[in-house]
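Residue numbers (the numbering used here), protein chains in the order written: chain A, 1 to 239; chain B, 1001 to 1239. Note that beta-carbon positions come from the ideal geometry of N, C-alpha and C, so glycine has one too. In this text the structure is predicted, and so the values were computed from the model without any measurement. Worksheet: the structure to be examined is printed underneath.
2 protein chains.
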Amino acid sequence: MKIALHERIRQDFESRILSGELAPGDRLPIEQDIMAHYGCARMTVNKALSALLAAGLIERRKKAGTFVARPKVHSMILDVPDIAAQVRERGQDYGFRSLAHAVRQPGAGAEEERLLAGQGALMQVDGLHQANGVPLCVEYRLVSVAAVPDIVDADLHTMAPGTWLLRHVPWTEAETRISAVPAGAAEASHLHLPVGTACLSVERWTWRGAERITYVRQIFPGDAYDMVARFGPSAAAAR
Amino acid sequence: MKIALHERIRQDFESRILSGELAPGDRLPIEQDIMAHYGCARMTVNKALSALLAAGLIERRKKAGTFVARPKVHSMILDVPDIAAQVRERGQDYGFRSLAHAVRQPGAGAEEERLLAGQGALMQVDGLHQANGVPLCVEYRLVSVAAVPDIVDADLHTMAPGTWLLRHVPWTEAETRISAVPAGAAEASHLHLPVGTACLSVERWTWRGAERITYVRQIFPGDAYDMVARFGPSAAAAR
DNA sequence: TCGCTTTTAATGTATATACATAAAATGAGG
DNA sequence: CCTCATTTTATGTATATACATTAAAAGCGA
């Protein structure tokens, strides 16, 4: 496959930076020299360097030149796969068992509803994700009925509500919070663990524009689930 | 402050997408119409749209047009800031107390060394991150002496080794694993917790090219530290 | 209606040019 | 040697233009 010249220039510098050949603080050649080296116009070089700038790999100062950036935060891609897809990927049978399934009127329930900030009625859908019949994760979910009217009639007894939502609802933003919690009585019983066992809690708020769609809280036994994040070329490769 | 036109166009569309006014799948105007609307050249529009494309907010197909991208669940940006920087951001005093500091010869230690896969001598640097004097996190770290010779003479008793590495070691690739573990005897004592308390374990392997740099394992009390991942504005806002 | 070719409308890439802007480097005056 | 104005240099932005590339859409013949 033929790749664009500006893309090739970008990759060249990216790999020289990632390999350490160009260390943080090092100065890159000026645009004039780069364009002479590749035999192209300055705009082409500029496009390549602009991309590296947007990716945070370089810093540029007028008159001074272009420098390899010193990384500040590790901003990395976090893989949070759909549980059902992940289980099937391992060649196991995926199952979802419904634990609770009800529409709750606003104001009726107490604190959970604040999580979706009073957008009218909420559908509560709790359940258990299973791999080969073994409980893997307890899930507590609230869905805004106003934002997703179809949820009321959806068959969520076998299909995980997360999977259903993914297919039916477009969303634009999500926030995920990861923390460690001890297993409560309910989780302990469903996951067959002693009460107090260290578990991973993954909470996610999802919304579209200003409208909240869903809040979900998933509890995994600590040793059953690893979340893996990568930094580096993956960020570029993922696109 | 005066902002560039291509940047203004980019922001205009970004906010329309993030607000939900332009929903996933919606089609954007063609470049010709946008350039007519802003009264500028096509290259300027193209620059704005290229940035949105790189950020993953839109998809483009020749002849068909430009469309708001449907976000995929599984890849979101995870910001894992330097602990010291994060503590100071909250207006607290950051402190690091060294717990162990020694060079270990290859083969001497057992399993930890496999984590850096026998690249010669390793520097072991364990310590305690503190916020306002209160223990926040226990850190166990191994650094390859071959990859980072300067580490031997670095003063790591007050500065966190992570911070030191960030400043001295060129760009890296990293893989992070997050899980939940019960507090062991050592962590319990350092963090003033009962043994068995649910803790968040963050492990990270870092390398440059094929060379392994460091392995670190950080143990946080489950309720003291939340990792937050966002999809959407974060990618752009982080810059 | 099916399947093939042709047209066309959109993005993709690249160039040459122009002027703006900011900051480092220089140099004159004290 | 210091200070301040001037020059120089590298990046920042924008334009007008040209041609390439694709895939949708239209046309057409069997």
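- Look at the segment 1092-1175 of chain B and you find these whole runs of alpha helix (DSSP H), each 4 residues long or longer: 1111-1114 and 1161-1168.
- Between the segment 1052-1066 of chain B and the segment 1009-1027 of chain B there are three or more C-beta pairs closer than 8 Å, enough to call the two in contact.
- At a cut-off of 8 Å between beta-carbon atoms, Arg217/A makes no contact with chain B.
- The beta carbon of Pro194/A sits closer than 7 Å to those of Ala188, all from its chain and outside the five residues before and after it, given in chain order.
- Here the alpha carbons of His129/A and Ala146/A stand approximately 26 Å from one another.
- Judged by beta-carbon spacing, Gln1218/B lies within the 8 Å limit of Cys1137/B, meaning their Cβ atoms are closer than that value.
- Collapsing the DSSP output to three states places Ile1213/B in a strand.
- Neighbours of Arg70/A in chain B, taken as residues at a C-beta separation under 8 Å, are given in chain order as Leu1166 and Arg1167.
- Taking 8 Å as the CB threshold, Ala64/A stays off the interface with chain B.
- Straight through space, the alpha carbons of Pro1149/B and Ala1004/B are spaced by roughly 45 Å.
- In chain order, Ala180 and Ala198 make up the part of chain A whose C-beta sits under 8 Å from the C-beta of Cys1199/B.
- Of all residues in the segment 1008-1033 of chain B, the ones placed with a Cβ closer than 8 Å to any Cβ belonging to chain A are Ile1017, Leu1018, Ser1019, Gly1020, Glu1021, Ala1023, Pro1024 and Gly1025, in chain order.
- For the set Leu1116/B, Val1134/B and Ala1102/B, the Cα lying nearest the Cα of Gln1124/B is the one of Ala1102/B.
- In terms of beta-carbon proximity, Glu89/A stays away from the interface with chain B, with every pair separated by 8 Å or more.
- Closest option to Ile83/A, judged by alpha-carbon separation, among Asn46/A, Met159/A and Ser19/A: Met159/A.
- In the DSSP assignment, Ile1083/B falls outside any beta strand (DSSP E) and lies within the alpha helix (DSSP H) extending over Ile1083 to Glu1089.
- Residue-level contact check: Arg212/A does not touch chain B, since none of the beta carbons of chain B fall below 8 Å from its beta carbon.
- Taking 7 Å as the upper bound on Cβ-Cβ separation, chain B lies near residues Ala51, Ala54 and Gly56 of the segment 37-62 of chain A.
- Against chain A, the CB of Arg1208/B has a partner CB under 8 Å away; the residue lies at that interface.
- Taking the Cα of Asp1093/B as reference, the smallest distance to any Cα among Leu1200/B, Asn1132/B and Arg1060/B is reached at Asn1132/B.
- As computed with DSSP, Pro182/A is found in a beta bridge with Ala198/A.
- In the structure shown, the three-state DSSP call for Glu203/A is strand.
- Take the alpha-carbon of Ile151/A and the one of Leu166/A: they are about 12 Å apart.
- Against chain A, the CB of Gly1184/B has no partner CB under 8 Å away; the residue lies outside that interface.
- When Cβ-Cβ separations below 8 Å define contact, Glu139/A makes no contact with chain B.
- The residues Phe67 and Ala69, in chain order, have a CB closer than 6 Å to that of Glu59/A in the same chain once the five nearest residues on each side in sequence are set aside.
- For Ala1023/B, same chain residues with a beta-carbon under 6 Å away, outside a window of 5 residues either side, do not exist.
- Rounded to the nearest angstrom, the gap between the Cα atoms of Ile1009/B and Ser201/A is 40 Å.
- Shown here, Glu59/A sits in a strand according to DSSP, grouped into three states.
- Contact between Arg1104/B and Leu1122/B holds: their C-beta atoms lie close to 5 Å from each other, under 8 Å.
- Looking only at Ile1178/B, Ala1180/B, Asp1155/B and Ser1179/B, the smallest Cα-Cα distance to His1168/B is reached by Asp1155/B.
- Neighbours of Gly1095/B in chain A, taken as residues at a C-beta separation under 9 Å, are lacking, since the least C-beta distance is about 21 Å.
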